[in-house]
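K.L.:
The structure follows.
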Amino acid sequence: MGDERIQGQIWRDGKKVDGFSLESVSDHIGESDTVVWADLQCPSHETLSSLANELGLNKFAIEDTISAAERVKTVTYSDHTFIMVYGIEMKPPAAQDVRRPDSDPHDDSDDPPPPRSGATVNNGQNQRAKSFTLHRISIFIKDNALITVRMHPGDGIKTVVERCEDTHAAAFGIGGLLYVVLDVVVDGHFDAVQVLDDQIEELEDYLFDESVPNVSLQRRTYDLRKDLVVLRRVVLPMREVVGTIQRHRYQDRGEHAAELDPNYSDLYDHVLRAAEWTESLRDMLSSVFETNLSLMDARLNTVMKKLTAWAAIIAVPTLITGYYGQNVLFPGYSTSWGVWVSAILIVGSVIVLYINFRKRDWL
């Protein structure tokens, strides 16, 4: 299809080997000195089916790869392991500015176009996230081969290959390659959590900024709450994914298992930190929401006090003039001093009430 792109890399004894092709993956399976990585971007259903038949991949795992909105998980089969994770790409900050009065909260123009392959994915989570875009990554691990399937365009393989070269991860076998892939994903989670943390702190500053429209503040708070829900669904299950991988590593100790133990322990620690940070963001956002409601109530009370004060000030002269308007002769009626007395009484009562309300901070 138009967007289908197949890349890969072969390492032998920790060194890169040229000449990768998808058809050659099965030829290298079982070679102890070789590590194979195949990356399929927006593959067609025919390509996935052909690969599954060649490598003996479980049909249910293939269905999960192309179905919509699958959850983060790890599934172990008899001869291979299937992992589903999500990478995160942040959107430009300008699309999230709460000060933009002309911004449309329902404008999804920044979202990337959906993939146009035979295995099109309708990821519902992307439609709900305003701050970032999710990229689902399906991972198949079979002996010394690792296959990643991505249903969105991107150049994620470049980052992984560069990190493999920097850390010499391929020299540690398939476990080293898997560690690098997951480490890149978790680093993206950390970046997303950091950005959301910064945005929530901005909201806290905007709470007391009278120049920020309250409607915009409420809209941004609501959008961040939805983004945080999506982020939690991606970040929190990573604890189970990495924990499951660690348990299987301890049950099936390979040649380089002991050397990779510190790496996976560090990866698990990063996953826990990202999960705990995400949970703390929920508390922070709830605090912002509740504080905004409290400030709105306080502003409403201030308005009500002012209205009450002015109503009382207006009511006093109305009472005086209304009382004598019932054909009751006021003192000094038909004399010049009577008019002055009534005027002084009205003005004086208004001044007394105004001073009293000012002292009480009602005006």
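So that you can map any letter, position 28 of the sequence shown is 28 in this note's numbering, and since no number is skipped, the others follow by simple counting.
Cβ coordinates follow ideal geometry from the N, Cα and C atoms, glycine included.
As the structure is a prediction and not an experimental result, all values here were calculated from the model.
Identify the continuous beta strand (DSSP E) that holds H152 and give its terminal residues.
P.N.:
It is not in any beta strand (DSSP E) - H152 carries neither H nor E in the DSSP assignment.
K.L.:
If V186 sits next to H270, beta carbons under 8 Å apart, how far is it from one beta carbon to the other, in whole angstroms?
P.N.:
Rounded, the Cβ-Cβ distance is 5 Å, consistent with contact.
K.L.:
Taking DSSP as the reference, what is the three-state secondary structure of S334?
P.N.:
The answer is coil: DSSP assigns S334 none of H, G, I, E or B.
K.L.:
Can you give me the start and stop residues for the beta strand (DSSP E) that A38 sits inside?
P.N.:
From DSSP, the beta strand (DSSP E) with A38 extends over 34-41.
K.L.:
If we call anything under 8 Å between Cβ atoms a contact, is K73 one with M84?
P.N.:
The answer is yes: Cβ separation under 8 Å.
K.L.:
Using C-beta distances below 6 Å, list every residue in its chain close to D223, excluding the 5 sequence neighbours before and after it, in chain order.
P.N.:
Around D223: K130.
K.L.:
Alpha helix (DSSP H) containing I29: first to last residue?
P.N.:
Taken as a continuous stretch (DSSP letters only), I29 belongs to no alpha helix (DSSP H), as it is neither H nor E.
K.L.:
Alpha carbon to alpha carbon, how far is P114 from D79?
P.N.:
For P114, the predicted structure reports a pLDDT of 45, less than 50, and the residue's modelled location is therefore unreliable. A value from the coordinates is still provided. Each residue's alpha carbon lies about 33 Å from the other.
K.L.:
Tell me the residue span of the alpha helix (DSSP H) that contains E63.
P.N.:
Element bounds for E63: 59-66.
K.L.:
Which parts of the segment 227-295 are runs of the alpha helix (DSSP H), unbroken and 4 residues or longer, counting only runs that do not cross its ends?
P.N.:
238-251, all fully within the segment 227-295.
K.L.:
Among Q7, V235, S336, H135, which residue has its Cα nearest to the Cα of L22?
P.N.:
Residue Q7 is the option with its Cα nearest to L22.
K.L.:
For W11, count the other beta carbons within 10 Å of its own beta carbon; 16 or more makes it buried, fewer makes it exposed. Which is it?
P.N.:
Buried is the call here.
K.L.:
Whole angstroms is fine: what's the gap from K16's alpha carbon to T148's?
P.N.:
If you take the alpha carbons of K16 and T148, they lie about 18 Å apart.
K.L.:
Can you look up H168 in the DSSP assignment and give me helix, strand or coil?
P.N.:
Coil.
K.L.:
In angstroms, rounded to a whole number, what distance separates the CA positions of S44 and K142?
P.N.:
Computed Cα separation, rounded: 21 Å.
K.L.:
Give the straight-line distance between the Cα atoms of A61 and L55, rounded to the nearest whole angstrom.
P.N.:
In a straight line, the C-alpha of A61 is about 13 Å away from that of L55.
K.L.:
Taking the alpha-carbon of S216 as reference, which of F289, G348, Y77 has the nearest alpha-carbon?
P.N.:
Nearest of F289, G348, Y77 to S216, Cα basis: F289.
K.L.:
Using the three-state DSSP reduction, which class does A69 fall into: helix, strand or coil?
P.N.:
Three-state result, A69: coil.
K.L.:
Keeping to the same chain, check which residues put their C-beta closer than 8 Å to that of H28; ignore five residues upstream and five downstream.
P.N.:
Answer for H28: I10, T34, V36, N144, A145, listed in chain order.
K.L.:
Provide the residue span of the beta strand (DSSP E) that contains S138, from first to last.
P.N.:
Here the beta strand (DSSP E) through S138 covers 132-142.
K.L.:
Our contact map puts T65 next to L48 with C-beta atoms below 8 Å; I'd like the distance itself, whole angstroms only.
P.N.:
The pair is a contact, with the Cβ atoms about 7 Å apart (cut-off 8 Å).
K.L.:
I'd like to know whether the C-beta atoms of Y179 and Y86 end up nearer to each other than 8 Å.
P.N.:
No, Cβ-Cβ distance for Y179 and Y86 is not below 8 Å.
K.L.:
Excluding sequence positions up to five away, which residues of its chain have a Cβ less than 7 Å from the Cβ of E201?
P.N.:
Once the five neighbours on either side are set aside, E201 has no close Cβ partner at all.
K.L.:
When the distance is taken between beta carbons, is R239 closer than 8 Å to A275?
P.N.:
Yes.
K.L.:
Where does F82 sit, in a helix, a strand or coil, going by DSSP?
P.N.:
Strand at F82.
K.L.:
Given a cut-off of 8 Å on the beta-carbon distance, is the pair L203 and L281 in contact?
P.N.:
No, the Cβ-Cβ distance between L203 and L281 is not below 8 Å.
K.L.:
So what does W11 bridge to, in DSSP terms?
P.N.:
In the DSSP output, where bridge partners are listed per residue, W11 has K16, V35.
K.L.:
By the DSSP assignment, the alpha helix (DSSP H) with F190 in it spans what residues?
P.N.:
It spans 174-206 - the alpha helix (DSSP H) in which F190 sits, taken as one unbroken run.
K.L.:
State the start and end residues of the unbroken alpha helix (DSSP H) segment that holds L51.
P.N.:
First-last of the alpha helix (DSSP H) with L51: 45-55.
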